[in-house]
Every structure is written in C-alpha cells, then in structure tokens.
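All remarks here apply to the structure that follows.
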C-alpha cells in the first residue's frame, strides 16, 4: 500500500496568532461604534460652529441694546468750550442741549501758611503753642514740646490731629520751612494761625477764597474750581480768570459716540451674517458646505435677521429705516455705512435719528432688541435648542460607545479563550500525526 499522510494544517506545530485573529474579528464587529464615533466628530464640528454663531448673535444683541439704551452712547452729550484756556467742561447723558455764556471772574484758592526758615527739618526751636483754625470752626491748640519741636516732629503732630490740613516740610536754598495747607479750597476752609508762643514765625501764604463766575448772567460762587451743580449734567473745570472774556459753552448730542454705536451695530450684524452665510455656501473646490448647511435653526435666525434689519416706521420726518440714515444692505445681506449721509443726519436731524432707533415699542432698536431677546433665550432660543440637541446626542453616543465597547471586552475574553483552545490543539498536531503515522505503519506491515 502507498503511504497515507494527514494534511499539513498545523503540521509545524507553531499554532495560531490568537491576538491577531481576535482583533480582526472584533474590528468587524465594532463597525457600529466606529460609525457612532464619526457622528460624534460631526456633532462636535456642528457644536463648535453653532457656538461661534451663537456668540456672535449675543454680541449683536449687546450692540442693539446699546442703540436703544437711553443712557448709552447714543444719548451721550458733549460740552465744548470756546476758550479752553479759561474753562473746560464735560457733560453726561442728562445734560440738555443748549448754549451757555460763562464769565470766570476769579478762581477758588486754597489757604496756606508757612514758617520762617530753619537750617534743616531736624533743627530744634523754642517750645510753646499756637492755635490752628479751619474756617469758622473751633480753634485747635497745637502744643510744641521737647517731643516735637522740630519741623518734622511738628508736621507729624499736626497731621495726626486730622484737622483738615496737610503739614509738610519744604526745603530750598534758604533752609527748611513748615508748610500748612488746607485740604480743601474756598473761603469756608480758610486757615487762621494765632496765639503763637513758639520759636517759629508763621506767615499766611494764601487766603482761601471761592471761585466767582457768572453763568448766563447769574452770579455763582464755588468753593472749588470744579463746578458741577450749576448746569444739570454739566461739570465745569475753571482754568483761569478772564473777567473781560466771556466763554461760550455749547452742550449738544455727542454725534461721534452716536455714530460709534451705529458702526458697532453694523460690525456685529455683518460678523453674524457672514458667519451664517458661510455655512450655507457651497465650496466648489472642496465640494462641501459648512457643517451647519442643513441646520434649520440657523435658517430661522437668518430669516429673522433679514426681517428685523428691513424694519421701518412711519412719519418721523422721513427718517423711517436704516437706509434713510445711510445704512444700506448689500446683495450678500451685509450692511454698509454711508458715512457722509449718516454724519449729515446726525448733525442736522439728531432727534429724528434718535426717534427712529429708540421710540418706545416701535423704534428700530427697540423692535430688534425684542426679537434678539427671543432668539438668544437660553431655553427657547433656536440656536440654544439646537446646541442642547447636539449635546444630548453626543452624550447618547458616548454612552452607546461605552456600553458597546464593554460588551466587546466580554466578547474578546470569550473569543480569546476559544481560539486559545484551538491554538493548544494545533500545537499538539505534530505528536498526533506521529501517533497516526505509527499506527498506519503497523497496519501496512
């Protein structure tokens, strides 16, 4: 009989690569989880893009609120002096537009005293006392003894009493002197030093006096050179006396800040509009659109923006829409500011422009702000709803992947055990073959 041979499978006795086989099988079985991971990447991309747009939407809301803010940039006032060498001024939103004629007769002065000169600040002088009086207040007795009979010591002693004055030592080529200056200007804080029995001699350096001015002919006295109670909403800063040179102060709307508020709005609107348009634009090179191309919430926001920016009112001397003040819409949905037209409207018809934007319930900014409040609502805003949906989906996918992989680990253990047994059997094949061949040899003999 011819010889009989068992097949060569496992004849080498090398077994199988259990880990490789198990990994290949599990790779195939994990296909659903890999698909979910792709979805996670897509949802993350959408979330990032949508969050960016939502941030721009909130920025637009802030810009629109600034337009309708009755105490904001659009309601700022400016105060302009015809002679800034005599006085300057600032105005708040509460100031009323008007022209005022102001004459500064004299400035407020701060009271002061100085002593005779000593060699230096540590030179001692004869002890004694003196009284220091601020305005019509009760005189305070200053006692000079061996603990403070130097200029440094006396300055410290006076300052420690908190009398409303500042004592310091000033030094020049003639030596050191004690200076005592009232903490505030004006006649009510004029200083008096009397009953002096010390070794110092005090001389009055300046008398505390009030500023004297007229505002529209009315005489005004002020303890300081900053006058903020005469013209409502306006603070005057007196620089120099000029009794023969009246100053014209013009209070009017700050058109520069108003224009800035409008430009801020246009910038915010364009940033949002361009970000949305980019998502819907098909790229012929990459042959793709943005990750939010199919997002219905974005379409809702886009349509609402176009509707709100085209809003118009009636009457108002013809200033009824953005285009009437020089803010025009381009073909791509963005806005452009005609600076010349806007400047003209603000300069000659400021009240009408303000009414267009801020009239209660019907103003452009009032209407737009109401719409944006709804669009940015944390619960019901369309973008926030979409973002929550993406977040929930990503959480669900993460849980599914986690559970799926946990089951695969159980499956891995089972497969590893199974193929390990096969491997063990294959490794025994050479011995088995030898036994079979031996038996066959016996039969053949």
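Numbering (this note's numbering), first residue to last: 767 to 1211.
Backbone N, C-alpha and C fix where the C-beta goes; we use that ideal spot for every residue, glycine too.
Considering only their Cβ atoms, is the gap separating residue 1046 from residue 1027 smaller than 9 Å? If you number the chain shown from 1, residue 1027 lands on position 261. If you number the chain shown from 1, residue 1046 lands on position 280. Going by C-beta atoms, residue 1027 is not nearer than 9 Å to residue 1046.
Own chain, CB closer than 7 Å to residue 910, minus 5 neighbours either side, in chain order: Start at 1 with the first residue of the chain shown, and residue 910 comes out as number 144. Around residue 910: 893, 894, 895, 920, 964.
Could you work out which residue in 1194, 1157, 1189 is closest to residue 812 when comparing CA atoms only? Position 46 of the chain shown, counted from the first residue, corresponds to residue 812. Nearest C-alpha to residue 812: 1157.
For residue 976, the first and last residue of its enclosing alpha helix (DSSP H): Mapped onto the chain shown, residue 976 falls at position 210. Looking at the DSSP string, residue 976 is not in any alpha helix (DSSP H), and its letter there is neither H nor E.
Using beta-carbon positions only, say whether residue 1034 and residue 863 come within less than 9 Å of one another. As a working mapping, residue 1034 is identified with position 268 in the chain shown. As a working mapping, residue 863 is identified with position 97 in the chain shown. Contact: no.
Within 10 angstroms of its Cβ, does residue 1172 collect 16 or more other Cβ (buried), or is it exposed? Against the chain shown, residue 1172 aligns to sequence position 406. Exposed, by the Cβ-count rule.
Following the continuous alpha helix (DSSP H) through residue 1117, name the residue where it begins and the one where it ends. Taking the chain shown and counting its residues from 1, one reaches residue 1117 at position 351. Where residue 1117 is concerned, the enclosing alpha helix (DSSP H) stretches over 1116-1124.
How about residue 715 and residue 994: are their beta carbons less than 9 Å apart? Past the edges of the chain, shown from 767 to 1211, lies residue 715, and the structure says nothing about it.
Would you list the one or two residues that DSSP bridges to residue 868? Locating residue 868 in the chain shown gives position 102, where the first residue counts as 1. Paired residues: 981, 1013.
May I have a chain-ordered list of the beta strand (DSSP E) segments no shorter than 3 residues that lie completely inside the stretch 817-873? 843-847, 853-857, 864-872
Since residue 880 and residue 971 should fall inside the 8 Å C-beta cutoff, what is the C-beta to C-beta distance between them, to a whole number of angstroms? Position 114 of the chain shown, counting from 1, holds the residue named residue 880. Position 205 of the chain shown, counting from 1, holds the residue named residue 971. Sure, about 5 Å apart at Cβ, within 8 Å.
C-alpha distance - residue 1190 paired with residue 781, whole-angstrom precision: Position 424 of the chain shown holds residue 1190. Position 15 of the chain shown holds residue 781. Residue 1190 and residue 781: Cα-Cα distance of roughly 7 Å.
Taking all protein chains shown into account, decide if residue 1183 is buried (16 or more other Cβ within 10 angstroms of its Cβ) or exposed. For the purposes of this step, residue 1183 is taken as residue 417 along the chain shown, with counting starting at 1. Per the 10 Å Cβ criterion, exposed.
Check residue 915 in the structure and name its three-state DSSP category. Position 149 of the chain shown, counted from the start, is the residue given in the question as residue 915. Three-state DSSP puts residue 915 in coil, outside helix and strand.
With 16 other CB atoms within 10 Å as the buried threshold, where does residue 1009 fall? Counting from 1 along the chain shown, the entry for residue 1009 is found at position 243. Classification of residue 1009: exposed, given that the 10 Å Cβ count is below 16.
Quick check on residue 904: buried or exposed, where buried means 16 or more other Cβ atoms within 10 Å of its Cβ? As a working mapping, residue 904 is identified with position 138 in the chain shown. With fewer than 16 other Cβ atoms from the protein chains shown falling within 10 Å of its own Cβ, residue 904 counts as exposed.
Thinking residue 817 and residue 1153 are a contact (beta carbons under 8 Å), I'd like their distance in whole angstroms, please. Stepping through the chain shown from its first residue, residue 817 is reached at position 51. Stepping through the chain shown from its first residue, residue 1153 is reached at position 387. Contact flag correct, Cβ pair sits at about 7 Å.
My assumption, with CB atoms under 8 Å, is that residue 1122 sits in contact with residue 1130. Please give the rounded CB distance. By one-based count along the chain shown, residue 1122 stands at place 356. By one-based count along the chain shown, residue 1130 stands at place 364. With 8 Å as the limit, residue 1122 and residue 1130 qualify as a contact, their Cβ atoms being about 6 Å apart.
Buried versus exposed, by CB contacts within 10 Å (16 or more), residue 1072: Translated into positions along the chain shown, residue 1072 becomes position 306. Under this definition residue 1072 is an exposed residue.
Apart from the five residues just before and just after residue 906, which ones in its own chain have a Cβ nearer than 8 Å to its Cβ? Locating residue 906 in the chain shown gives position 140, where the first residue counts as 1. Within the same chain, residue 906 has close Cβ partners 897, 898, 899, 927, 929.
When the Cα atoms are used, what is the spatial distance from residue 966 to residue 945? For this step, residue 966 is matched to residue 200 along the chain shown. For this step, residue 945 is matched to residue 179 along the chain shown. Each residue's alpha carbon lies about 12 Å from the other.
Alpha carbon of residue 974 to alpha carbon of residue 985, nearest angstrom: Locating residue 974 in the chain shown gives position 208, counting from the first residue. Locating residue 985 in the chain shown gives position 219, counting from the first residue. Each residue's alpha carbon lies about 19 Å from the other.
Taking the beta carbon of residue 1168 as the centre, do at least 16 other beta carbons fall within 10 Å, making it buried, or is it exposed? Residue 1168 sits at position 402 when you count from the first residue of the chain shown. That one is exposed.
Measure the alpha-carbon distance for residue 1091 versus residue 1114 and round it to whole angstroms. On the chain shown, position 325 is the one that residue 1091 refers to. On the chain shown, position 348 is the one that residue 1114 refers to. A direct Cα-to-Cα measurement between residue 1091 and residue 1114 gives close to 11 Å.
DSSP bridge partner residues for residue 938 (one or two, in chain order): One-based indexing of the chain shown puts residue 938 at position 172. Its beta-bridge partners are 941.
Distance CB(residue 1014)-CB(residue 1001) smaller than 9 Å: Translated into the one-based positions of the chain shown, residue 1014 becomes position 248. Translated into the one-based positions of the chain shown, residue 1001 becomes position 235. For residue 1014 and residue 1001, no; Cβs fall outside 9 Å.
Under three-state DSSP, which class holds residue 1156? Here the question's residue 1156 lines up with position 390 in the chain shown. It is helical.
Is it the case that the Cβ atoms of residue 925 and residue 932 are separated by a distance below 9 Å? In the chain shown, counting from the first residue as 1, residue 925 sits at position 159. In the chain shown, counting from the first residue as 1, residue 932 sits at position 166. Yes.
Taking buried to mean at least 16 other C-beta atoms within 10 Å of its own C-beta, is residue 798 buried or exposed? Position 32 of the chain shown, counted from the start, is the residue given in the question as residue 798. Its Cβ having fewer than 16 others within 10 Å, residue 798 is exposed.
Give the DSSP bridge partners of residue 896, in chain order. The count along the chain shown starts at 1 and reaches residue 896 at position 130. Answer by DSSP bridge pairing, in chain order: 908.
Proximal residues to residue 823 (C-beta, below 8 Å), its chain only, five neighbours per side dropped: Translated into the one-based positions of the chain shown, residue 823 becomes position 57. Taking C-beta separations shorter than 8 Å and ignoring five residues to either side along the sequence, the partners of residue 823 in its chain run 1038, 1067, 1138, 1141, 1142, 1149, following chain order.
On a Cα-Cα basis, can you pick out the residue from 796, 803, 790 that is closest to residue 1162? In the chain shown, residue 1162 corresponds to position 396, counting from 1. When each option's Cα is compared against that of residue 1162, the closest is 803.
Taking all protein chains shown into account, decide if residue 943 is buried (16 or more other Cβ within 10 angstroms of its Cβ) or exposed. Along the chain shown, read from residue 1 onward, the residue named residue 943 stands at position 177. The residue is buried, with at least 16 neighbouring Cβ atoms inside 10 Å.
Between 1057, 876, 917, 1124, which lies nearest to residue 809 when the distance is taken from Cα to Cα? Counting from one through the chain shown, the residue named residue 809 turns up at place 43. Residue 809 has its Cα closest to that of 1057, out of 1057, 876, 917, 1124.
Residue 951 classed as buried or exposed, judged by whether at least 16 other C-beta atoms fall within 10 angstroms: Stepping through the chain shown from its first residue, residue 951 is reached at position 185. The residue in question, residue 951, is buried, as its Cβ has 16 or more Cβ neighbours within 10 Å.
Leaving out five residues on either side along the sequence, give the residues of the same chain with a beta carbon under 8 Å from the beta carbon of residue 1036. Position 270 of the chain shown, counted from the first residue, corresponds to residue 1036. If we look at residue 1036 and ignore the five residues flanking it on each side, its Cβ neighbours are 1100, 1101.
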